[in-house]
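Participant: Would you mind keeping the following structure in view while I ask a few things?
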Amino acid sequence: MRHLIPEFERMKERFPEGFDSSLVLPCLHRIQADRGYVAEEDIVGLCEYLSVPRIQVEEVLSYYTMLRREGIGKTHLQVCRNIACSMRGAEGVIEHACKRLGVKPGETTADGKFTLSTVECLGSCGTAPVLMVNDAYHENMTLEKLDALIADLSAGGGNS
Amino acid sequence: MPAADGMVVFTASDKVKARRKATMEFITLNHPVDCGICDKAGECTLQDYHFEYNGGASVSRDAKTHATKHFDLSDRIVLDNERCIQCTRCVRFTREISKSNGLGMLDRGDHSIVRPSADGSFAKDAYSDNVIDLCPVGALLAKDFLHKARVWYLKATPSVCPGCERGCGVNLWHRKDEWMLRSPRQAARNDGLDRVTPIENPAVNGPWVCNKARDLPKLLGRVRAAGALFKGAPAPLEAAVLEARALIAEAKRPVAVVSSWASNEELAAFKAALGGRLALVAKRDHEPQPGEVVQDDLLIRADKNPNAAGVRAVLGECGTEVPKDADLVLVWGEGFDFRAVPASAKIVFLNAFLAPENGHADVFLPVSIQTERSGHYTNFAGVTSRFERCFALPPGVLHAEDLFGSLVGNGRGA
Ligand code: SF4
Ligand code: SF4
Ligand code: FES
Numbered sequence: 404m405r406h407l408i409p410e411f412e413r414m415k416e417r418f419p420e421g422f423d424s425s426l427v428l429p430c431l432h433r434i435q436a437d438r439g440y441v442a443e444e445d446i447v448g449l450c451e452y453l454s455v456p457r458i459q460v461e462e463v464l465s466y467y468t469m470l471r472r473e474g475i476g477k478t479h480l481q482v483c484r485n486i487a488c489s490m491r492g493a494e495g496v497i498e499h500a501c502k503r504l505g506v507k508p509g510e511t512t513a514d515g516k517f518t519l520s521t522v523e524c525l526g527s528c529g530t531a532p533v534l535m536v537n538d539a540y541h542e543n544m545t546l547e548k549l550d551a552l553i554a555d556l557s558a559g560g561g562n563s
Numbered sequence: 046m047p048a049a050d051g052m053v054v055f056t057a058s059d060k061v062k063a064r065r066k067a068t069m070e071f072i073t074l075n076h077p078v079d080c081g082i083c084d085k086a087g088e089c090t091l092q093d094y095h096f097e098y099n100g101g102a103s104v105s106r107d108a109k110t111h112a113t114k115h116f117d118l119s120d121r122i123v124l125d126n127e128r129c130i131q132c133t134r135c136v137r138f139t140r141e142i143s144k145s146n147g148l149g150m151l152d153r154g155d156h157s158i159v160r161p162s163a164d165g166s167f168a169k170d171a172y173s174d175n176v177i178d179l180c181p182v183g184a185l186l187a188k189d190f191l192h193k194a195r196v197w198y199l200k201a202t203p204s205v206c207p208g209c210e211r212g213c214g215v216n217l218w219h220r221k222d223e224w225m226l227r228s229p230r231q232a233a234r235n236d237g238l239d240r241v242t243p244i245e246n247p248a249v250n251g252p253w254v255c256n257k258a259r260d261l262p263k264l265l266g267r268v269r270a271a272g273a274l275f276k277g278a279p280a281p282l283e284a285a286v287l288e289a290r291a292l293i294a295e296a297k298r299p300v301a302v303v304s305s306w307a308s309n310e311e312l313a314a315f316k317a318a319l320g321g322r323l324a325l326v327a328k329r330d331h332e333p334q335p336g337e338v339v340q341d342d343l344l345i346r347a348d349k350n351p352n353a354a355g356v357r358a359v360l361g362e363c364g365t366e367v368p369k370d371a372d373l374v375l376v377w378g379e380g381f382d383f384r385a386v387p388a389s390a391k392i393v394f395l396n397a398f399l400a401p402e403n404g405h406a407d408v409f410l411p412v413s414i415q416t417e418r419s420g421h422y423t424n425f426a427g428v429t430s431r432f433e434r435c436f437a438l439p440p441g442v443l444h445a446e447d448l449f450g451s452l453v454g455n456g457r458g459a
C-alpha cells in the first residue's frame, strides 16, 4: 500500500483535522482496487500510516462484505441474502448458484473463473432478488435467468 | 426531546414497563439462558431485569442462534458469545480506559461477535480483568474463578490491594461460614480467596483495579511457614520468642529491617516496643517482576509495596543498608537479601511464607498475613485505607503487632 500514500495524502485534505481514522474505509477501498484484496501487510501499513489501532481496521473489514482478505476469481457473483431478496426467493438463487458452480458461498471455482459470495442489501430491494456480476446489477433474478447468465459467463461472455 | 428544567419524567408507568418487557423479550430472544452453569448467575443484570420486567420464556418460534461458547479471549478470560448481549462495554473499556484497543466487535447484525485484536494487545492489557465486572452478563468470565463457586456462597471483605503503593480498594471474596466445603479434598479452599473485585474509591483507584489485584488469591495463597525454627530445626513458639528477645537484649548494635507490607498499626506497635533500641532500615519486600508493568498513567505504581509511605510516616526516614558493624539483624517480611548481613551477626527473621531463608535464621518466627488481621495502609498520595480480616489466625502463627511487645526485656527469663 505504500505506493498509494500520495493518493491517501490528497484524501486526507478533504477530512477535518483529527479525523484520520475516518480514512480507514476509503483507503481500504483503494487498496482493494489496487491489489484485488486487502493483505496482511496492507493492514499493518495502514494502521501505521493513520495511527489507528489494528482492531479498528479489522472491524471495518469484517463489517463490509465488499472488503475481502483474499483474492477472488475472474468473475465475482454476489447474491443478496437480505430480507427483501430472501422473501422473493434469494435462498433458492443461492442454492442454485452453488449447485451450478460446485462451490459454497465464499468459495472460488477450481478453474479460478467464479467466486460466489452472499452479501447484505444491495439497495435494490424493489427488483429483488438481486445479484451482482462484478460491478453490474442483475435484477428480478429467476433460476432460468441465472442458468442463462452462468452459461453466458462461462462461454467468456464479458463482464455483464 | 432533551431534558429541561421542570420536566417530569415517568420511569415506571405502565407504558414504560411494557416497553421494557418488550426490550427484554428482544434481548433474550437468542440468549442461551444457561444460568445454571453460568458464573454470573446471582449478580447478572440480565437475570435481574428479566425477573423484574418480563419473566417469560423466549417467544421465538425459530431455534436459537448459536455462537462460540468457550472462546479463549486471553490466558485469563473466556468469552461465551451466546451470552453476549453486544452492549460493547468491554470494547469501550479497552478503547477509553485501558487504551489497549484490545477488543472489537467484528461482523454485523446477529453475526456480530466480540473478538480480540489480531495483534494480541488484549492479552497484554494489564487491566483486562475489569471487563469481567463490566460485562452485564456471563459472557466474560475469569478462568481462575470458572465454576469455582456460586457467588452467593461467597462473602466480600473490604480490603486494600498490597500490589503497589497505589493501594486500590478491593473486595476479597471467600466462602461464607454456612457454605464451607466439607470434603477433605476441598476443605483447604475454605481458607483461601476465591476472587477479587474493585471497590470504587475516587480518591485512590476510581472504579478499576489492575490484574495484579485479581491474582492476590495466588500471591496470598502461597505455602505458609508453619512453625518457629532455630536454625532450621522446629522449635516451640514460646521458646523461640524468648530466644529472639534474648538475642536482641544481648546485641550491642542491633538493626531492624522493616517491612513495607506492614500495616500502620504494626509499625506503631514496633515503634513503641523496639523503635528506640534498634537502628532502622526500610525494605522493599517486593520488586517489579519480569513482564510486569512497572508504572503507567492509570493506576500502577513502581513501588510494589503497599505501605512505604506508612513506614516513613511512623518511623521517619530509615536507612537503606544494614550497617557493617551490626551484630544482630531483625528481618521483618520478604524480599531481603541475607548476604547483606555481616557474617558474625545473629539473625531473627519474621516471615509468613515458606522460604529457604527461614531455615538460615538463628530464630525464625511465623507471622500473619493481611487477610488474617485488620489494619491500615497509607498510599503514595497520603490516603490511608482500611483492610478487614477475612480469616482466623492459623495455629502456630503470631501477629507481628502482638509479638513486638514480647521482644522487649532482659535475657531468657520470663
Ligand atoms: S461487555 Fe459482555 S455483553 Fe457487553 S459486548 Fe462485552 S462480552 Fe458482550
Ligand atoms: S494498581 Fe497497584 S494497588 Fe491497584 S490493583 Fe494494581 S497492584 Fe493493586
Ligand atoms: S434486500 Fe436485497 S437488495 Fe435490498
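Listed in order, the protein sequences are those of chains F and H. First residue of the first sequence: 404, per this note's numbering; consecutive thereafter. First residue of the second sequence: 46, per this note's numbering; consecutive thereafter. All C-beta atoms, glycine included, are put in the ideal place defined by N, C-alpha and C.
#1: For the pair the region 153-171 of chain H and the region 450-457 of chain F, tell me if three or more CB-CB distances fall below 8 Å.
#2: From the DSSP output, in three-state form, read off HIS156 of chain H for me.
#3: Let me check you understand the geometry: is the CB of GLN92 of chain H closer than 6 Å to at least one non-hydrogen atom of ligand 5?
#4: For ALA459 of chain H, I'd like the list of residues in its chain whose CB is within less than 7 Å of its CB, leaving aside the five on either flank, ordered along the chain.
#5: Assuming TRP253 of chain H and ILE177 of chain H form a contact by the criterion Cβ under 8 Å, report the distance between their Cβ atoms to the nearest whole angstrom.
#6: Any Cβ of chain F within less than 7 Å of the Cβ of ARG329 of chain H?
#7: Does any residue of chain H have a CB that is nearer than 7 Å to the CB of PRO456 of chain F?
#8: Is there at least one Cβ from chain F nearer than 7 Å to ASP152 of chain H's Cβ?
#9: May I have the straight-line CA-CA distance separating PHE422 of chain F from CYS213 of chain H, to the nearest angstrom?
#10: Measure the CB-CB distance between ALA406 of chain H and ARG298 of chain H and report whether it falls below 7 Å.
#11: Under a CB-based cut-off of 7 Å, is TYR452 of chain F close to chain H?
#12: Quick check: VAL339 of chain H and VAL367 of chain H, are their CB atoms within less than 7 Å of each other?
#13: State yes or no: is the C-beta of ILE122 of chain H nearer than 6 Å to some heavy atom of ligand 1?
#14: Give the C-beta separation of VAL196 of chain H and ALA258 of chain H to the nearest angstrom, bearing in mind that I take them to be a contact with Cβ-Cβ under 8 Å.
#15: Taking 7 Å as the CB-CB cut-off, is GLU494 of chain F touching chain H?
#16: What residue does the beta strand (DSSP E) around GLY427 of chain H start on, and which one ends it?
#17: Quick one: any contact between the region 394-408 of chain H and the region 266-277 of chain H, if contact means 3 or more CB pairs under 8 Å?
#18: Assuming TRP377 of chain H and ALA289 of chain H form a contact by the criterion Cβ under 8 Å, report the distance between their Cβ atoms to the nearest whole angstrom.
#19: Quick one: grab the DSSP three-state call for LEU410 of chain H.
#20: On a Cα-Cα basis, can you pick out the residue from H:ARG357, H:LYS60, H:PRO335 that is closest to ALA426 of chain H?
#21: Taking just the CA atoms, how far does LEU449 of chain F sit from MET414 of chain F?
#22: Compare the Cα-Cα distances from LEU282 of chain H to each of H:HIS444, H:PRO229, H:THR202, H:CYS135 and report the closest residue.
#23: Where ASP445 of chain F and ALA354 of chain H are concerned, what is the direct C-alpha to C-alpha distance, given to the nearest angstrom?
#24: Can you tell me whether ASP174 of chain H is buried or exposed? The criterion is at least 16 other CB atoms within 10 Å of its CB, across all chains shown.
#25: Measuring CB to CB, does LEU464 of chain F end up less than 7 Å from ARG433 of chain F?
#26: Does any residue of chain H bring its CB to less than 7 Å from the CB of GLU462 of chain F?
#27: Since LEU217 of chain H contacts THR416 of chain H with CB under 8 Å, what's their CB separation in whole angstroms?
#28: Taking the straight line between their C-alpha atoms, what separation do you get for GLY149 of chain H and ARG137 of chain H?
#29: For SER119 of chain H, go through chain F and note every residue whose CB falls closer than 8 Å to its CB, in chain order.
#30: Taking C-beta to C-beta, are LEU199 of chain H and ASP239 of chain H nearer than 7 Å?
#31: What did DSSP end up calling ILE408 of chain F once you bin it into helix, strand or coil?
#32: Rounded to whole angstroms, what is the Cα-Cα separation between LEU287 of chain H and ARG384 of chain H?
#33: Is there at least one Cβ from chain F nearer than 7 Å to ASN146 of chain H's Cβ?
#34: I want to verify the contact list: residues of chain F whose CB lies under 7 Å from the CB of ALA163 of chain H, in sequence order.
#35: For LEU261 of chain H and CYS206 of chain H, which I take to be in contact (beta-carbon distance under 8 Å), what is that distance rounded to the nearest angstrom?
#36: Taking C-beta to C-beta, are LEU274 of chain H and LYS391 of chain H nearer than 7 Å?
Facilitator: This is what the structure gives:
#1: yes
#2: helix
#3: In the structure on display, ligand 5 does not appear, and the ligands it does have are ligand 1, ligand 2 and ligand 3.
#4: Because ALA459 of chain H sits at a pLDDT of 49, beneath the cut-off of 50, its placement in the model cannot be relied upon, and the following sentence gives the value as read from the coordinates. Nothing listed; no residue qualifies.
#5: Not quite, the Cβ-Cβ distance comes to about 12 Å (not below 8 Å), so this is no contact.
#6: no
#7: yes
#8: yes
#9: 36 Å
#10: no
#11: no
#12: no
#13: no
#14: At roughly 18 Å, the Cβ-Cβ gap does not stay under 8 Å, so VAL196 of chain H and ALA258 of chain H are not in contact.
#15: no
#16: Segment: none, GLY427 of chain H is in no beta strand (DSSP E) and carries neither H nor E.
#17: yes
#18: Wrong, their Cβ atoms sit about 12 Å apart, outside the cutoff.
#19: strand
#20: H:ARG357
#21: 14 Å
#22: H:HIS444
#23: 50 Å
#24: buried
#25: no
#26: yes
#27: 7 Å
#28: 9 Å
#29: Within 8 Å Cβ-Cβ: nothing; SER119 of chain H doesn't reach chain F, min ~14 Å.
#30: yes
#31: helix
#32: 26 Å
#33: yes
#34: ARG457, GLU461
#35: 7 Å
#36: no
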